[in-house]
Each structure stands twice: as structure tokens, then as C-alpha cells.
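Numbering (our numbering), first residue to last: 16 to 214. The C-beta atom is built at its ideal place from N, Cα and C for all residues, glycine as well. Note that the structure is predicted; figures quoted are calculated from it, not measured.
So, in C-alpha cells, the structure goes:
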């Protein structure tokens, strides 16, 4: 399962490897913070985390991805910006979907939603907002928890018939004694009870 940081890195890698986006800025965070910490170079790709949902063994993480570029003051290139960025958005979506399905045993749930926008954010840019939901298998494993108390619950020692032989508390031990000598074979009638000390 990919962590949130790994998913964001996957998105950024796709941006960096796309010829039309590679020279622009990538940002992960809230949309109102786009450009607050540094100057944006366009075309711009911004990723916003919406929420996550755990349903059984499926973890779904929702993202909004913004693809933006500057529009002339007279809006003479607005149609071209929207057309170009729609294709860019589809390219990135397809690449993310391919990688998730073929390399990470994950998928995008359902269809992505694409919404165009104009005159948005401080720079009055136009572009597309893509909403997608990444589904990943989560097995509820506690094996790798960074917790010093993991495994501190009781352990049952059970025999071949399902009977509990012993219940162990944390930091306790149980010694298993192995039988090394056959006490009775089946060639004659076995006694009713066999009592033997194993040493």
C-alpha cells in the first residue's frame, strides 16, 4: 500500500515527466495556499487532499488536482489554455491510473470528474480541476506498528484438538516438552492409563 507521501510523489513524478508541465510548479496543500510560500511558475499542477475513507479492507483517498495556466488580460488565449490543459489533465490521469493498476495493485475508483474554471486564484488563471479517488487494499495488519506494546496481548497455547493448554501473559514463557521414547506401541493391548515422567 502506498502512503500519502508516496501517492503525492507519484503525482509529482508524473508532472515532472510531462513535457508541457515539467518546467512549471508542483504544490501539495490547500488551494488558498498556492503561491503563498514561493512564486508559481506556470503551467502549474496543484494537489489537494480531500479526505480518506476506510471501508472493510479498502482505503479510499480522494484528491483534487488542479492544472492551471495564465490567461492574457484580454482573454484571447483562454480557449487554447483550456484545450491544452484538458489534454494534459487526461494524460496525467491516464498515467496515474496505469501506474496504480500495474505497479501498486491499486486503482482509481469509478470515473474521475473534470471541471473547467476561469479567472481563479490570485493570478486569475484558467484550467481544469480533476477529482479522483485512489483505492488501495489495507489488511489491518499490526505487525509493523511502531509501538513498544505490540504483541502485549495474551497468547493461547492450543493442542491438536483445539483445547487450550495454557494462556500466556506478556513476557511469560512456555516450555514444550518433546516425547523422545515410544511408551506403548499398538502390537498388544494398551493399558488403560499410561503414567510416565518425561525427563
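If you draw a straight line from the Cα of residue 179 to the Cα of residue 170, it comes to about 10 Å. In terms of Cα proximity to residue 80, the closest of 68, 89 and 63 is 63.
Counting only the Cα atoms, residue 152 lies some 8 Å from residue 120. For residue 118, no beta strand (DSSP E) run applies; the uninterrupted alpha helix (DSSP H) run containing it begins and ends at 93 to 118, by DSSP. Remark: C-beta atoms of residue 96 and residue 142 approach each other more closely than 8 Å.
Per DSSP, the beta bridge partners of residue 183 are 170. Its chain contains 39 and 40 as the residues whose beta carbon lies nearer than 6 Å to that of residue 56, once the 5 sequence neighbours on both sides are disregarded; these appear in chain order. The shortest CA-to-CA distance from residue 131 to any of 67, 99 and 175 is the one to 99. Assigned with DSSP and collapsed to three states, residue 78 falls in strand. Annotation note: the segment 39 to 69 contains no uninterrupted alpha helix (DSSP H) run of length 4 or greater. For residue 28, the secondary structure class from DSSP, reduced to helix, strand or coil, is helix. Under the criterion of beta carbons closer than 8 Å, residue 43 and residue 23 qualify as touching, at roughly 5 Å. Of all C-beta pairs linking the segment 83 to 91 to the segment 106 to 124, fewer than three are shorter than 8 Å, placing the two stretches out of contact.
In the structure shown, residue 145 adopts extended strand secondary structure according to DSSP, grouped into three states. Residue 151 sits in a strand when the DSSP states are folded into three classes. Annotation: residue 136 is outside any beta strand (DSSP E) and is labelled neither H nor E by DSSP. In this structure residue 148 is in contact with residue 123, their Cβ atoms being roughly 7 Å apart against a cut-off of 8 Å.
Residue 20 sits in a helix when the DSSP states are folded into three classes.
Assignment of residue 128 by DSSP, reduced to helix, strand and coil, places it in the strand class.
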